[in-house]
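Below: one structure, written as structure tokens.
Numbering (UniProt numbering), first residue to last: 1 to 387.
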């Protein structure tokens, strides 16, 4: 139990470091461009106040703060109209726009770099678990959809035939299996007749053909073979051009898929008339810690590639959120700068500040709701981790 608790604490530490790192490099983008355009940087902080340590070098205070999982840059004249040439508000709109988007630029390029390295060391291919019901065709790369067995019930027809967790189902009776729906159809319409299942083990890459005799489940009123399965997409980048641009291409695939997932979850919630599909699949910081904990427990050192993949996805997510025209985030500030650039009219600083304050309040409420949802799901993570 002590060792398990230690691993759980390690997961919290790893998740905190990962999130803090991503936020700090985002803020470092603002910091560098502000310095380049001679904007006075009043403070560059790692973590959030209260302050634990600080040292002023030149005009900038560098600080380490008590609350982890974040960071910030405080620019002179960011929220007030200042005539001082060193203030953010005194700079031309195009310079302010560059300073604002610099954080997004850094997060995007970090995701490009991580995905590029991961795929280069993985033979330019990867597997992505698909959300059940979310039909998706990735815009880049070569895609092959497969059904992956995730659990085999003891003494079930599948277990007796030799199917194990980690097997990919390729064919059933010469019918190519590319999604869970097709597999369910093949099993449910079998009428108990032998199924010739061709599978490939994910670890050994060896193919096998097995005869499986479905059993009728009177309670469920359908034929079953005793397995749980999910859909995965095998995505590869075989051409030279794709390999050179694999970081941006795979990032674009991931962004497109995230929008597909959100659309699918919203659609499912509307059809079912409840928020459970969204609630069960939305996670905040606590949920991220749970994911890190589960990976460290189940995969140990082998989880490094998956952990780096999660970091790349989080970096992409941070970039997307900060480019959206939402008050209080970079995209909201960029909206006002672009408005000024197009109309040649500057929004009153106090009005803009109030809009950002209201936006921050809304984001804080959303953050609390997501965090509350994470804590409601926490027993699931803790239960899996400590069992």
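Just so you know, even glycine gets a beta-carbon here, dropped at the ideal spot from N, CA and C.
Rounded distance between the beta-carbons of residue j and residue i, thought under 8 Å
i           : j           : result
residue 308 : residue 114 : 6 Å
residue 141 : residue 249 : 7 Å
residue 254 : residue 313 : 6 Å
residue 143 : residue 233 : 6 Å
residue 231 : residue 132 : 7 Å
residue 64  : residue 46  : 5 Å
residue 195 : residue 180 : That pair is no contact at about 15 Å.
residue 86  : residue 56  : Actually they are not in contact, since the Cβ atoms of residue 86 and residue 56 sit about 16 Å apart, beyond 8 Å.
residue 116 : residue 247 : 4 Å
residue 311 : residue 22  : 7 Å
residue 71  : residue 27  : 5 Å
Beta-carbon spacing of residue i, residue j below 8 Å
i           : j           : result
residue 212 : residue 163 : yes
residue 93  : residue 341 : yes
residue 104 : residue 323 : yes
residue 388 : residue 169 : Absent from the model: residue 388. The displayed extent of the chain is 1 to 387, so no value can be given.
residue 222 : residue 209 : no
residue 30  : residue 111 : no
residue 338 : residue 97  : yes
residue 331 : residue 356 : no
residue 236 : residue 125 : yes
residue 34  : residue 99  : yes
residue 138 : residue 257 : yes
residue 68  : residue 122 : no
residue 388 : residue 186 : The requested residue 388 is not part of the displayed model; the chain covers only 1 to 387.
Residues sharing a beta bridge with residue i, DSSP
i           : result
residue 142 : 236
residue 159 : The partner list for residue 159 (beta bridge, DSSP) is empty, contrary to what the question assumes.
residue 74  : 43
residue 257 : Answer is none; residue 257 lacks a bridge partner.
residue 65  : 51
residue 211 : 196
residue 217 : 222
residue 263 : In the DSSP output, where bridge partners are listed per residue, residue 263 has none listed.
residue 230 : 148
residue 60  : 57
residue 172 : 175 and 197
residue 128 : 233
residue 330 : Note: residue 330 sits in no beta bridge, so no partner.
- Message: When you compare the stretch 72–83 with the stretch 37–50, are there three or more beta-carbon pairs, one atom per stretch, that lie closer than 8 Å?
- Response: yes
- Message: Taking 8 Å as the cut-off, does the stretch 325–332 touch the stretch 351–366 (at least 3 CB pairs, one atom from each stretch)?
- Response: yes
- Can at least three beta-carbon pairs, one atom from the stretch 218–234 and one from the stretch 144–159, be found at a separation below 8 Å? yes
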